[in-house]
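Asks: Sequence order for the protein chains is E and C.
Using the working numbering, read the first sequence as starting at 1 and increasing by one per residue.
Using the working numbering, read the second sequence as starting at 1001 and increasing by one per residue.
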Amino acid sequence: GAVVSQHPSWVICKSGTSVKIECRSLDFQATTMFWYRQFPKQSLMLMATSNEGSKATYEQGVEKDKFLINHASLTLSTLTVTSAHPEDSSFYICSAIASSGKETQYFGPGTRLLVL
Amino acid sequence: AQKITQTQPGMFVQEKEAVTLDCTYDTSDPSYGLFWYKQPSSGEMIFLIYQGSYDQQNATEGRYSLNFQKARKSANLVISASQLGDSAMYFCAMREGWDSSASKIIFGSGTRLSIRP
């Protein structure tokens, strides 16, 4: 099946620093990628939709200046958490849809962020 | 308004028994897709099964089957012959619209399934 990778798998950082998370589709091209956030024992909450070559579409309540998304190529989208604070600590998961328009999204393994 | 509702926060089932995880959805779009994902403690989201709104038959994938009741807007997941490895969080999700390349997926709150040996 299709493979989506995320890097890093986990990161610990100091409050105030910025953290970049990469999402790559390894064996298919993805015109659209999605970024989700999941707090402990809760469901996945969509943060934004990342489209290759255009600006990301953010969900209501998600600060676009706080969570910068760049979808520079058909296989890579990045999420940068700027000036991270402890409340940004969460599990961040990306997903990608193949350009061929398959019915399902393929999820990355997730990135655990802990802001001290 | 909640688009995807999973009313069972947790379930305990004896190994080898069948289990049904409930999911109801709300949409006015005639074209939509329904998904079930499994999330073990490692955090990865594992795709289990998909049902399109126009599919005539209930989807099946190995031990997984989706009981699609369109008029009742329910899409329950049935796992037959449960195994210890089935213990995980299970999420029901929906995508609205026909264009699968652009539509986002909305997730339910999840059901934690625990299989007893």
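From the three backbone atoms N, C-alpha and C, an ideal C-beta is built for every residue, glycine too.
1. On the criterion of 16 or more Cβ atoms from any shown chain inside 10 Å, does V3(E) qualify as buried, or is it exposed?
2. Measuring alpha carbon to alpha carbon, tell me which of A1075(C), Y1064(C) and K1073(C) ends up nearest Q1083(C).
3. Mind listing the chain E neighbours of E1044(C)? Cutoff is C-beta to C-beta under 9 angstroms, in chain order.
4. Does S43(E) come within less than 8 angstroms of chain C when only Cβ atoms are used?
5. Against G1108(C), what residues of chain E qualify as contacts under a CB-to-CB distance less than 9 angstroms, listed in chain order?
6. So, at 8 angstroms on beta carbons, what are the nonlocal neighbours of Q1039(C) in its own chain, with the 5 sequence-adjacent residues on each side left out?
7. With respect to the beta strand (DSSP E) encompassing G1033(C), which residues constitute its N-terminal and C-terminal limits?
8. If contact is defined by three or more beta carbon pairs under 8 angstroms, each pair taking one atom from either stretch, is the segment 43-57 of chain E in contact with the segment 70-80 of chain E?
9. Taking CB distances under 8 angstroms as the criterion, tell me whether I1105(C) reaches chain E.
10. Looking at the structure shown, is E22(E) part of a helix, part of a strand, or coil, going by DSSP?
11. Flag this pair as touching only if the segment 1067-1079 of chain C and the segment 1009-1022 of chain C have three or more C-beta atom pairs under 8 angstroms; answer yes or no.
12. Rounded C-beta distance between I93(E) and Q38(E)? I'm assuming under 8 angstroms.
13. Let me make sure I understand the geometry here. Which of E22(E), H71(E) and E63(E) has the alpha-carbon closest to that of K55(E)?
14. Can a CB atom of chain C be found closer than 8 angstroms to the CB of L74(E)?
15. Taking the straight line between their C-alpha atoms, what separation do you get for L113(E) and E59(E)?
16. Within the same chain, show all residues whose beta-carbon is closer than 6 angstroms to that of W35(E), passing over the 5 residues directly before and after it, in chain order.
17. Could you pull the DSSP bridge partners for E1061(C) from this structure?
18. Using 8 angstroms as the threshold, is the C-beta distance between E1096(C) and Y1037(C) below it?
19. Measure from the alpha carbon of A972(C) to the alpha carbon of each residue in P1030(C), G1062(C), M1094(C) and D1026(C), then state which is nearest.
20. Buried or exposed: which applies to F1012(C), given that a residue is buried once 16 or more other Cβ atoms fall within 10 Å of its Cβ?
21. Grouping DSSP H, G and I as helix and E and B as strand, with all else coil, what is A1052(C)?
22. Looking at chain E, is there any beta carbon in it that lies within less than 8 angstroms of the beta carbon of F1068(C)?
23. In chain order, what residues of the same chain lie with their CB nearer than 8 angstroms to the CB of C13(E), ignoring the 5 residues before and after it?
24. Between S1053(C), K1104(C) and T1060(C), which has its C-alpha nearest L1034(C)'s C-alpha?
Replies: Inspection of the coordinates gives the following:
1. exposed
2. Y1064(C)
3. Within chain E, the residues near E1044(C) are I93, F107, G108, P109 and G110.
4. It does; some Cβ of chain C falls within 8 angstroms.
5. S43
6. M1045, I1046, A1088, M1089, Y1090, F1091 and G1110
7. Y1032 to Q1039
8. yes
9. yes
10. strand
11. yes
12. The Cβ separation is near 6 angstroms, so the contact holds.
13. The option with the nearest alpha carbon to K55(E) is H71(E).
14. no
15. Spanning the two alpha carbons is a distance of roughly 20 angstroms.
16. M47, A48, L79 and C94
17. Y1064(C)
18. no
19. A query on residue 972(C) cannot be resolved here, the shown segment of chain C reaching from 1001 to 1117 and no further.
20. exposed
21. The residue asked about is misnamed: residue 1052(C) is Gly in this sequence, not Ala. G1052(C): strand per DSSP, three-state reduction.
22. No, no contact with chain E.
23. Hits under 8 angstroms: V19, A84, L113, L114, V115 and L116.
24. S1053(C)
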